[in-house]
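> Chains R and D supply the protein sequences, listed in that same order. Residue 289 in the numbering used here sits at position 89 of the first sequence, with consecutive numbering throughout. Residue 464 in the numbering used here sits at position 264 of the second sequence, with consecutive numbering throughout.
Protein chains: 2
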Amino acid sequence: MSIVSKAAAIGGGVIGAGWVARLLLNGIDVSIYDPDPEASRKVSEVMKGARRAYKQMVPGGLPKEGKLTFAKTIAEAVHDVDFIQESVPERLDLKHRVLAEIDLHAPANAIVGSSTSGIKPTDMQVAMKKHPERLVVGHPFNPVYLLPLVEIVGGEQTFPEAIEVAKEIYASIGMKPVVIRKEIEAFVGDRLLEAAWREALWLIKDGICTVEELDDIMRYSFGLRWAQMGMFQVYRVAGGEAGMRHFMAQFGPCLKWPWTKLMDVPEFNDELVDLIATQSDDQSDKWSIRELEKIRDDNLVAIMEALSKQNKGKGWGAGELHNDYTKQLAKLAAKKPKASKSAEKAKATKAVKAKAEKPKKKKKG
Amino acid sequence: MSIVSKAAAIGGGVIGAGWVARLLLNGIDVSIYDPDPEASRKVSEVMKGARRAYKQMVPGGLPKEGKLTFAKTIAEAVHDVDFIQESVPERLDLKHRVLAEIDLHAPANAIVGSSTSGIKPTDMQVAMKKHPERLVVGHPFNPVYLLPLVEIVGGEQTFPEAIEVAKEIYASIGMKPVVIRKEIEAFVGDRLLEAAWREALWLIKDGICTVEELDDIMRYSFGLRWAQMGMFQVYRVAGGEAGMRHFMAQFGPCLKWPWTKLMDVPEFNDELVDLIATQSDDQSDKWSIRELEKIRDDNLVAIMEALSKQNKGKGWGAGELHNDYTKQLAKLAAKKPKASKSAEKAKATKAVKAKAEKPKKKKKG
Numbered sequence: 201m202s203i204v205s206k207a208a209a210i211g212g213g214v215i216g217a218g219w220v221a222r223l224l225l226n227g228i229d230v231s232i233y234d235p236d237p238e239a240s241r242k243v244s245e246v247m248k249g250a251r252r253a254y255k256q257m258v259p260g261g262l263p264k265e266g267k268l269t270f271a272k273t274i275a276e277a278v279h280d281v282d283f284i285q286e287s288v289p290e291r292l293d294l295k296h297r298v299l300a301e302i303d304l305h306a307p308a309n310a311i312v313g314s315s316t317s318g319i320k321p322t323d324m325q326v327a328m329k330k331h332p333e334r335l336v337v338g339h340p341f342n343p344v345y346l347l348p349l350v351e352i353v354g355g356e357q358t359f360p361e362a363i364e365v366a367k368e369i370y371a372s373i374g375m376k377p378v379v380i381r382k383e384i385e386a387f388v389g390d391r392l393l394e395a396a397w398r399e400a401l402w403l404i405k406d407g408i409c410t411v412e413e414l415d416d417i418m419r420y421s422f423g424l425r426w427a428q429m430g431m432f433q434v435y436r437v438a439g440g441e442a443g444m445r446h447f448m449a450q451f452g453p454c455l456k457w458p459w460t461k462l463m464d465v466p467e468f469n470d471e472l473v474d475l476i477a478t479q480s481d482d483q484s485d486k487w488s489i490r491e492l493e494k495i496r497d498d499n500l501v502a503i504m505e506a507l508s509k510q511n512k513g514k515g516w517g518a519g520e521l522h523n524d525y526t527k528q529l530a531k532l533a534a535k536k537p538k539a540s541k542s543a544e545k546a547k548a549t550k551a552v553k554a555k556a557e558k559p560k561k562k563k564k565g
Numbered sequence: 201m202s203i204v205s206k207a208a209a210i211g212g213g214v215i216g217a218g219w220v221a222r223l224l225l226n227g228i229d230v231s232i233y234d235p236d237p238e239a240s241r242k243v244s245e246v247m248k249g250a251r252r253a254y255k256q257m258v259p260g261g262l263p264k265e266g267k268l269t270f271a272k273t274i275a276e277a278v279h280d281v282d283f284i285q286e287s288v289p290e291r292l293d294l295k296h297r298v299l300a301e302i303d304l305h306a307p308a309n310a311i312v313g314s315s316t317s318g319i320k321p322t323d324m325q326v327a328m329k330k331h332p333e334r335l336v337v338g339h340p341f342n343p344v345y346l347l348p349l350v351e352i353v354g355g356e357q358t359f360p361e362a363i364e365v366a367k368e369i370y371a372s373i374g375m376k377p378v379v380i381r382k383e384i385e386a387f388v389g390d391r392l393l394e395a396a397w398r399e400a401l402w403l404i405k406d407g408i409c410t411v412e413e414l415d416d417i418m419r420y421s422f423g424l425r426w427a428q429m430g431m432f433q434v435y436r437v438a439g440g441e442a443g444m445r446h447f448m449a450q451f452g453p454c455l456k457w458p459w460t461k462l463m464d465v466p467e468f469n470d471e472l473v474d475l476i477a478t479q480s481d482d483q484s485d486k487w488s489i490r491e492l493e494k495i496r497d498d499n500l501v502a503i504m505e506a507l508s509k510q511n512k513g514k515g516w517g518a519g520e521l522h523n524d525y526t527k528q529l530a531k532l533a534a535k536k537p538k539a540s541k542s543a544e545k546a547k548a549t550k551a552v553k554a555k556a557e558k559p560k561k562k563k564k565g
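In structure tokens:
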């Protein structure tokens, strides 16, 4: 069950709206701030998709959704919540402005998570004059309402207790929190993605393959592997009876061969953008983005469900978590509404507050 | 139905044995050459795993397996086959020796596929004095009996017709052939894998995360995405209503940020090998390699089956192919053995021969 009583979402783009959807579908009230006049429509589109996916995941009926309110200012959005997720565009000046505002108006014990895909929390929390110690990066993956991973990164001023509470909050809404051990830009997931993305741009630019061919090469081979085991475990198995050391010994030297073009960054000019956009149209314009979203979501739910039945029914990887999460949602749906719910919320909020206050005390002490 | 009457496998390691398993389970006779005294045991281990996976895929019963014979020489293995798959270790001198031998003794119209993960076919076919035009790279992904992708690459001397026949042969045993447009080292799949692998080595070496954490970061996020859509289609959807151009415009500039360490190759010393092997033990030594193989195979079959039910039952990506392949295997299993089978084989062989002879004629003409 969630330990958050009310949350705020600052920014309602693809990522922000994904957070809103995950929170609401867990029965948590959310106040959102987004200056885009289209925000309400965009969020409701994402909610539609998320609701559709969750109905497949929990066919017995979903929990009562949290209430969504649109705030006119950041102050209004955050003043009475115990968790805030910031998902504004990736510009440090903007992050500073928004985080300063959040910090000024949020309750002192509210945890602040940032969805940034790459900016270091240390560089962001300098803008928080009151309680920088409660900022963590909570970097999700799109679609946020379905993909479980959230990378948690603390900055120099972040208290370990804030990281602990953030872990609990994210886990309570069905996610898999992984705490990154050292703060670096782009963290871990996006480092790997950027590496593959750069190489992919070269392959397209040089005419080795089209975007459709490259996508097929991924999804008919290692994509299937990585849905269930990461690269190290995959390679351990590939080493055969001799295992990991054998694999490393065999493939290590390849690193010295002049294969990849990683050393350079392809020039990101109009020509390359055109080439990719045109090839992407050839590949996908038979579907609208909304149709593709549905296809993607259906596939993701089906994959997680398939994995949930593995390992003698215990589930494997994302499938094991999927088992727990869908059970939790079903249990929440079966709950009597009103009284018991608000009582539990009051209890939970207290717990979060107690925890969140701990770092503050420590700082003073 | 397969258009190959009899095949040869040269090399019976993890990849070679995977080919043997796929071929035999498609009812194709295979002669294998591998000087390793343990080869027979190793191949039969892989066969056990493959048989187990295929029984899940085709619960109504498998086709009659092809006959496996161990040859004492390459000449003996290849003299009467119409398709040869070479899977010896990645050393050019060894590839030259083996391909020269294959070329010398194989029927003139037999297609030769190489499993190399990176060596250019142009650099390999120079060793084939008789018929270099029939060499293609047919680069598979482990486990070969389950993962459908095969990258086909022709060299300077390869005839287009040989590529066409190779495509048909691989497709006939349930694979997804993708022809690479220009010959480069490591082709496409391994370029992407190497990029991610290098970055992963840095992340481990620098203590940002452990191999288990990195694996979790992959398999709870983009690994799930890439099992069903490749990165370009994923990003198209992520662009939201604005699509691919929006995504490119938004994320393009990040390429200039000094995030990844791709520019350098981490030194591949004993310390790094130890660190990774130790962390890999921590992650996985509760399972033997054989157990992990079973888990992996079960997961892969389950994912492909889940995808086969998507898209209104037509299947999506590897799932669509999985539908066709399992239907084909079931049909083959339902066939009366003997007479009808050998008649069809004779017919099919004739067709392959006609096609394979075409390039030869062209060369002479």
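A virtual CB, placed ideally from N, CA and C, is assigned to each residue, including glycine. This structure is a prediction, so every number in the text was calculated from the model and none was measured.
Which residue spans inside the segment 405-455 of chain D form an unbroken alpha helix (DSSP H) run of at least 4?
411-419, 422-426, 431-438, 443-451
> Would you mind telling me which residues of chain B sit closer than 7 Å to R:Ala253, beta carbon to beta carbon, in chain order?
Among the chains of the structure shown, chain B does not appear; the protein chains present are R and D.
> If we cut at 8 Å on Cβ distances, does D:Phe283 have a partner in chain R?
Reading the second sequence from its first residue, position 83 is the one you call residue 283 of chain D. By this cut-off, D:Phe283 is not an interface position.
> Report back the beta-carbon spacing between D:Leu346 and R:Asn499 to the nearest angstrom; my notes put them in contact at under 8 Å.
By 1-based counting over the second sequence, the position of residue 346 of chain D is 146. By 1-based counting over the first sequence, the position of residue 499 of chain R is 299. About 18 Å separates the Cβ atoms of D:Leu346 and R:Asn499, ruling out a contact at the 8 Å cut-off.
> For the alpha helix (DSSP H) holding D:Asp303, just list the boundary residues, first then last.
Here residue 303 of chain D is taken as the residue at index 103 of the second sequence, counted from 1. That run of the alpha helix (DSSP H) goes 292-305.
> Are there three or more Cβ pairs, one per stretch, closer than 8 Å when the segment 332-348 of chain R is compared with the segment 243-253 of chain R?
Between the segment 332-348 of chain R and the segment 243-253 of chain R there are three or more inter-stretch CB-CB distances shorter than 8 Å, so the stretches are counted as touching.
> Ignoring anything shorter than 3 residues or poking outside the segment 304-382 of chain D, list the beta strand (DSSP E) runs there in chain order.
The beta strand (DSSP E) runs lying completely inside the segment 304-382 of chain D and spanning 3 residues or more are 311-314, 335-340, 349-354, 376-379, given in chain order.
> Give the interface partners of D:Arg381 over in chain R, defined as CB-CB distance under 9 Å, in chain order.
The residue labelled residue 381 of chain D in the question sits at position 181 within the second sequence. Under the 9 Å cutoff, chain R gives Gly407, Ile408, Cys409, Thr410, Glu413.
> Would a check of beta-carbon distances place R:Leu475 closer than 8 Å to chain D?
The sequence position of residue 475 of chain R within the first sequence is 275, counting from 1. Taking Cβ atoms only, chain D never reaches closer than 8 Å to R:Leu475, which makes this a no.
> In whole angstroms, what is the alpha-carbon distance linking R:Gln285 and R:Val337?
In the first sequence, residue 285 of chain R corresponds to position 85, counting from 1. In the first sequence, residue 337 of chain R corresponds to position 137, counting from 1. For R:Gln285 and R:Val337, the distance between alpha carbons rounds to 9 Å.
> Alpha carbon to alpha carbon, what distance is there between D:Glu413 and R:His339?
Working through the first sequence from its first residue, we reach residue 339 of chain R at position 139. Working through the second sequence from its first residue, we reach residue 413 of chain D at position 213. In a straight line, the C-alpha of R:His339 is about 15 Å away from that of D:Glu413.
> I want to see whether chain D comes within less than 8 Å of R:Thr460, judged by CB atoms only; does it?
The residue you call residue 460 of chain R lines up with position 260 of the first sequence. Residue placement at R:Thr460 cannot be trusted, given a pLDDT of 48 that sits under 50; what the coordinates show is reported in the next sentence. Yes - at least one Cβ of chain D is within 8 Å of the one on R:Thr460.
> Label R:Gln325 either buried or exposed according to how many other C-beta atoms from any shown protein chain fall within 10 Å of its C-beta, with 16 as the threshold for buried.
Counted from its first residue, the first sequence places residue 325 of chain R at position 125. That one is buried.
> Quick one: Cα of D:Leu392 to Cα of R:Ala221, how far?
Locating residue 392 of chain D in the second sequence gives position 192, counting from the first residue. Locating residue 221 of chain R in the first sequence gives position 21, counting from the first residue. About 33 Å.
> Which residue or residues does DSSP assign as beta-bridge partners of D:Tyr233?
Taking the first residue of the second sequence as position 1, residue 233 of chain D is located at position 33. BP columns for D:Tyr233 point to D:Ile210.
> According to DSSP, D:Ile284 sits in a beta bridge with which residue or residues?
Within the second sequence, residue 284 of chain D is the residue found at index 84, counting from 1. DSSP, once it has assigned bridges, lists D:Ala208, D:Val312 as partnering D:Ile284.
> Name, please, each residue of chain R whose Cβ falls closer than 9 Å to the Cβ of D:Gln510.
Reading the second sequence from its first residue, position 310 is the one you call residue 510 of chain D. Ordered by position in chain R, the residues that pass the 9 Å Cβ test against D:Gln510 are Ile495, Asp498, Asn499, Ala502.
> Strictly under 8 Å for the Cβ-Cβ distance: is R:Trp219 near chain D by that measure?
On the first sequence, residue 219 of chain R is found 19 positions in, with the first residue counted as 1. Closer than 8 Å: no.
> Please classify D:Arg334 as buried or exposed, where buried requires at least 16 neighbouring CB atoms within 10 angstroms.
Numbered from its first residue, the second sequence carries residue 334 of chain D at position 134. D:Arg334 should be labelled buried.
> To which residues of the same chain is R:Ala207 closer than 6 Å at the C-beta, ignoring the five residues directly before and after it?
Residue numbering aside, residue 207 of chain R sits at position 7 when the first sequence is read from its first letter. The beta carbon of R:Ala207 sits closer than 6 Å to the beta carbons of Leu223, Ile228, Val230, Val281, Phe283 from its chain, once the five residues preceding and following it are set aside; these are given in chain order.
> Which value, in whole angstroms, describes the spacing of the CA atoms of R:Ala239 and R:Leu225?
Taking the first sequence and counting its residues from 1, the one referred to as residue 239 of chain R is at position 39. Taking the first sequence and counting its residues from 1, the one referred to as residue 225 of chain R is at position 25. About 19 Å.
> Examine the Cβ distances between the segment 309-316 of chain R and the segment 349-367 of chain R and report whether three or more of them are shorter than 8 Å.
Yes: the two stretches touch, three or more of their Cβ pairs being nearer than 8 Å.
> For R:Leu188, which beta-bridge partners are listed by DSSP?
Outside the shown range of chain R (201 to 565) lies residue 188 of chain R, about which nothing can therefore be said.
> Can you check whether the CB of R:Leu492 is closer than 8 Å to the CB of D:Val437?
To locate residue 437 of chain D, count along the second sequence from 1; it is residue 237. To locate residue 492 of chain R, count along the first sequence from 1; it is residue 292. Cβ atoms of D:Val437 and R:Leu492: closer than 8 Å.
> Restricting to Cα atoms, I'd like to know which of D:Ile373, D:Thr269, D:Ile319, D:Arg381 is closest to D:Tyr525.
Along the second sequence, one-based indexing puts residue 525 of chain D at 325. Of D:Ile373, D:Thr269, D:Ile319, D:Arg381, the residue nearest in Cα terms is D:Ile373.
> Does any CB atom of chain D fall closer than 8 Å to the CB of R:Pro360?
The residue given as residue 360 of chain R occupies position 160 in the first sequence. Residue-level contact check: R:Pro360 does not touch chain D, since none of the beta carbons of chain D fall below 8 Å from its beta carbon.
> Starting from the N-terminal side, write out each stretch of the beta strand (DSSP E) that is 3 residues or longer and does not extend beyond the segment 221-276 of chain D.
229-233, 268-270
> For R:Tyr233, collect the residues of the same chain with a Cβ closer than 6 Å to its Cβ; drop the 5 residues on either side in sequence, then sort them by chain order.
On the first sequence, residue 233 of chain R is found 33 positions in, with the first residue counted as 1. So the list reads Ile210, Ala271, Ile274, Ala277, once near-sequence residues are dropped.
> If you draw a straight line from the alpha carbon of D:Gly216 to that of R:Ala530, how long is it in whole angstroms?
On the second sequence, position 16 is the one that residue 216 of chain D refers to. On the first sequence, position 330 is the one that residue 530 of chain R refers to. Answer to the nearest angstrom: the Cα atoms are 47 Å apart.
> Please decide whether D:Tyr420 counts as near chain R, where near means a Cβ-Cβ distance under 8 Å.
By 1-based counting over the second sequence, the position of residue 420 of chain D is 220. Yes, because at least one Cβ of chain R sits closer than 8 Å to the Cβ of D:Tyr420.
> Note down, in chain order, all residues in the segment 280-313 of chain D with a beta-carbon under 7 Å from any beta-carbon belonging to chain R.
none
> Tell me the DSSP secondary structure of D:Ser484 in three-state form.
What you label residue 484 of chain D is simply residue 284 of the second sequence in a count that begins at 1. Here D:Ser484 sits in helix by DSSP.
> Check each candidate in R:Thr478, R:Glu383, R:Pro360, R:Lys376 and name the one with the smallest Cα separation from R:Thr410.
Taking the first residue of the first sequence as position 1, residue 410 of chain R is located at position 210. Per the Cα distances, R:Thr478.
> Only counting the same chain, and skipping five residues up and downstream in sequence, which positions put a Cβ closer than 6 Å to that of R:Gln357?
Taking the first sequence and counting its residues from 1, the one referred to as residue 357 of chain R is at position 157. Same-chain partners within the cutoff: Gln325, Pro332, Glu333.
> Closer than 8 Å, Cβ to any Cβ of chain D: which residues of the segment 349-376 of chain R, in chain order?
Here the close residues are Leu349, Glu351, Lys376.
> Measuring straight from C-alpha to C-alpha, what distance separates D:Lys527 and D:Gln256?
Here residue 527 of chain D refers to the residue found at position 327 of the second sequence. Here residue 256 of chain D refers to the residue found at position 56 of the second sequence. Those two C-alpha atoms are separated by around 13 Å.
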